[in-house]
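So this note's numbering is basically just the index in the first sequence, starting at one, shifted up by 1.
Built from N, CA and C at the ideal position, the CB exists for glycine as well.
Take a look at the structure set out below.
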Amino acid sequence: MREKRALTDRERRFGPDAPKVRSFSLDPIRVTDSQLRKRGPLLPVPVHVLPLIFANRATGRWLLGFAELRAARDANVVTHILPSVAAALRAGGVVRSCPHPTLRTAKRLQKRTEELVELQLTSKLPPMPATTSVKAALQSAAPIAPIQVQGWVRTRRDSKDFSFIELNDGSCLRNLQIIAKNTLPNYAAVQHLITGASITVRGALVASQGKGQSWEIVADEIEIVGASDDTYPLQKKGHTPEFLREIAHLRPRSNLFGAVFRVRSRLAFAIHQFFQERGFVYVHTPIITGSDCEGAGELFRVTAIDPKNPPRRPDGAIDYAQDFFARSTFLTVSGQLEAEAFACALSKVYTFGPTFRAENSNTSRHANEFWMIEPEMAFTDLRGNMDVAEEIVKYLIRDIRQHCAEDLELFAKFVDKELLARLDFVMERPFQRITYTEAVEFLTKSGEKFEFPVAYGANLQSEHERWLTEKHFKCPVTVFDYPKEIKPFYMRLNDDGKTVTAMDVLVPGIGEIVGGSQREERLEVLEENMRRHKMDPADYKWYLDLRRYGTVPHSGFGLGFERMLMFVTGVSNIRDVIPFARTPGSAEF
RNA sequence: UCCAGAGUAGCUCAGUGGUAGAGCGGUCGGCUGUUAACCGAUUGGUCGUAGGUUCGAAUCCUACCUCUGGAGCCA
Numbered sequence: 002m003r004e005k006r007a008l009t010d011r012e013r014r015f016g017p018d019a020p021k022v023r024s025f026s027l028d029p030i031r032v033t034d035s036q037l038r039k040r041g042p043l044l045p046v047p048v049h050v051l052p053l054i055f056a057n058r059a060t061g062r063w064l065l066g067f068a069e070l071r072a073a074r075d076a077n078v079v080t081h082i083l084p085s086v087a088a089a090l091r092a093g094g095v096v097r098s099c100p101h102p103t104l105r106t107a108k109r110l111q112k113r114t115e116e117l118v119e120l121q122l123t124s125k126l127p128p129m130p131a132t133t134s135v136k137a138a139l140q141s142a143a144p145i146a147p148i149q150v151q152g153w154v155r156t157r158r159d160s161k162d163f164s165f166i167e168l169n170d171g172s173c174l175r176n177l178q179i180i181a182k183n184t185l186p187n188y189a190a191v192q193h194l195i196t197g198a199s200i201t202v203r204g205a206l207v208a209s210q211g212k213g214q215s216w217e218i219v220a221d222e223i224e225i226v227g228a229s230d231d232t233y234p235l236q237k238k239g240h241t242p243e244f245l246r247e248i249a250h251l252r253p254r255s256n257l258f259g260a261v262f263r264v265r266s267r268l269a270f271a272i273h274q275f276f277q278e279r280g281f282v283y284v285h286t287p288i289i290t291g292s293d294c295e296g297a298g299e300l301f302r303v304t305a306i307d308p309k310n311p312p313r314r315p316d317g318a319i320d321y322a323q324d325f326f327a328r329s330t331f332l333t334v335s336g337q338l339e340a341e342a343f344a345c346a347l348s349k350v351y352t353f354g355p356t357f358r359a360e361n362s363n364t365s366r367h368a369n370e371f372w373m374i375e376p377e378m379a380f381t382d383l384r385g386n387m388d389v390a391e392e393i394v395k396y397l398i399r400d401i402r403q404h405c406a407e408d409l410e411l412f413a414k415f416v417d418k419e420l421l422a423r424l425d426f427v428m429e430r431p432f433q434r435i436t437y438t439e440a441v442e443f444l445t446k447s448g449e450k451f452e453f454p455v456a457y458g459a460n461l462q463s464e465h466e467r468w469l470t471e472k473h474f475k476c477p478v479t480v481f482d483y484p485k486e487i488k489p490f491y492m493r494l495n496d497d498g499k500t501v502t503a504m505d506v507l508v509p510g511i512g513e514i515v516g517g518s519q520r521e522e523r524l525e526v527l528e529e530n531m532r533r534h535k536m537d538p539a540d541y542k543w544y545l546d547l548r549r550y551g552t553v554p555h556s557g558f559g560l561g562f563e564r565m566l567m568f569v570t571g572v573s574n575i576r577d578v579i580p581f582a583r584t585p586g587s588a589e590f
């Protein structure tokens, strides 16, 4: 018996043999019954005719039209098309399907039916003029004509017979100078271009007659894609980062933030490159997690419970056993525990993703949503761990130094004059490694007057860390072997019974950038640690299993992505290295 | 959360009890292969909000809001 299959929308509309129209990103029309009811009767066109909307990029107008499809073997071919549509396509127009033509559009279309002409269009449509990035144009070795560039107007200046337009498309820091002569048909409109407007420029890339840039484009055509007006908040002059934070949706259009986010992208790439080159496996640890075991700070609860009518336990507390996951769940504060599981299988792994802390922290170094890199390595002790931490910090600096030189120069000029010298210094010199005990001794002997006293057994204060990195050693310092009392349960107990194999990498200006440890691999010791931290080992059965079956010494650390980015760029506020920062009382955009 | 500081034009700021200002931006005009262009004119305000003191408050007092810096928590 023949299998009966429901017809797809497309088949229903165009017949079972209708070709798929994929050759130039056309989606077949989908029309549902509900859309029909809402929008009225459908366009009465033959089944093999596909209504389309054509956008003419030259004029910015949308054209209604339709294309006739040649069925069967030569599928994916548009054979007939309205002349006006063909013209639009030749000029580099975009084609989209007209999702639900109504009777009204039908009438307009029917009037044009007679205009339908045959067009030699196979799957090769006239290519859209390729857009050259500003970066590529500026780096060109020879004149280019014709050339098309697209971007946003940074500023415009008038000269006697023409206008200078500074065009930026974010591909690099620098702008491309456009010469807009007064012979352009829309010169009057061009003269009203204001900072923020978007344009498409077609013309010729030629050697610049002026100083300050080697290339410029003499425009044959300037298409105003999107105008701007005098309410556009960005000026060509400098703005404070505080003001730009309030317009986070526009700030990437500024020099500073464009540079920051280009570097952010490159830094993320370099992180993957570092680990992939070394045989690490990238693990996606869960973002919604049930483990609240790290003591890494306050958690954001994830719940589907109706806040107006939550299920209650007999004692009146909300019963999260009736919640979506049948338990309490939170946004992750760390993927470490899960990464450990994968390290104990794939040997070397890393995570790189968002983490969340519900701390009410109001500092330039804390955000409630941030990205963290967490490598985890089997058969690796604390020393190996410190080696990798130091290596990656240096690797990332070197990579950014090499690939984002222009952006770094901007930071060195306007954000932090000593940036480049510091980066080079960190890259070249070994990090200072001292135990916590030695650090306390250095601090006690320093003679420095600290607001908070230095005492063995207490956490190092920001001012202490700063003294070590900025005043004493003047380089990154790795402090290790901390008292067990001030560190989490999973860190390996040293033979002295007093300290654990923790390590923090402190860098000048930022403070802690890496925090890690060798993990406790001995089942009994780990259970004892848990009890000491008032945790019930029964709640962490899966984590303890890693020690129960084939346990290995292993180590890992967390590297704060944004902190690294701050260090590399010299930007002093974490809110300025996150596209849309989440901080207490602030989650706009 | 705690401790400081700040909120005046679109932006950066001056104005400390007596008629709300400057520079930049925008607009108009001039000049000009300019480049944070230049010259002239012009536009632009609920002085964070709400109370209070005073003949009179941007200015003094109180509360609140927002932002910034620092601390704690950490990455």
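For Lys182, the enclosing beta strand (DSSP E) begins and ends at Leu177 to Lys182. Using a Cβ-Cβ distance cut-off of 8 Å, the region 150 to 163 and the region 176 to 192 are in contact, since at least three pairs of beta carbons, one from each stretch, lie closer than that value. Residue environment: Glu589 is assigned as exposed (fewer than 16 neighbouring CB atoms within 10 Å of its CB, all protein chains considered). Taking all protein chains in view, the Cβ of Gly336 is crowded by 16 or more other Cβ atoms within 10 Å, so the residue is classified as buried. Between the region 544 to 562 and the region 335 to 353, the count of Cβ pairs shorter than 8 Å is three or higher; the stretches touch. As the crow flies, the alpha-carbon of Leu411 is around 7 Å from that of Leu257. DSSP links Pro376 through a beta bridge to Tyr351. In terms of CA proximity to Arg533, Leu494 leads the group Phe451, Leu494 and Val455.
About 5 Å separates the beta carbon of Arg155 from that of Asn169, a gap short enough to meet the 8 Å contact definition. In the three-state reduction of the DSSP assignment, Ala137 falls in the helix class. Contact annotation: Met373 and Leu560 have beta-carbon atoms nearer than 8 Å. Residue state for Met536 is assigned as coil, using DSSP reduced to three classes. Annotation for Val264: the continuous alpha helix (DSSP H) segment containing it runs Asn256 to Glu278. Counted as a single uninterrupted DSSP element, the stretch harbouring Asn361 is not any alpha helix (DSSP H), since DSSP gives it neither H nor E. A Cβ-Cβ separation of about 6 Å places Asp408 in contact with Arg263 under the 8 Å criterion. If you ignore the 5 residues before and after Leu347, its C-beta comes within less than 7 Å of the C-beta of Val282, all in its own chain and listed in chain order. With contacts defined as CB atoms closer than 8 Å, Leu235 and Gly197 qualify as a contacting pair. About 7 Å separates the CB atoms of Phe357 and Val334; that is less than 8 Å, so the two are in contact. Inclusion of Pro355 and Glu370 in the CB contact set at 8 Å is warranted, their separation being smaller than that value. With distances taken between CA atoms, Ile195 lies nearest to Ser229 out of Ser229, Asp496 and Leu566. Under DSSP, Tyr283 shares a beta bridge with Tyr351.
When rounded, the separation of the alpha-carbon atoms in Gly448 and Phe331 is 45 Å. Per DSSP, Asn310 is not a residue of any beta strand (DSSP E), being assigned neither H nor E. In chain order, Ile179, Ala181, Val202 and Gly204 place their CB closer than 6 Å to the CB of Ala220, counting only its own chain and leaving out the 5 sequence neighbours on each side.
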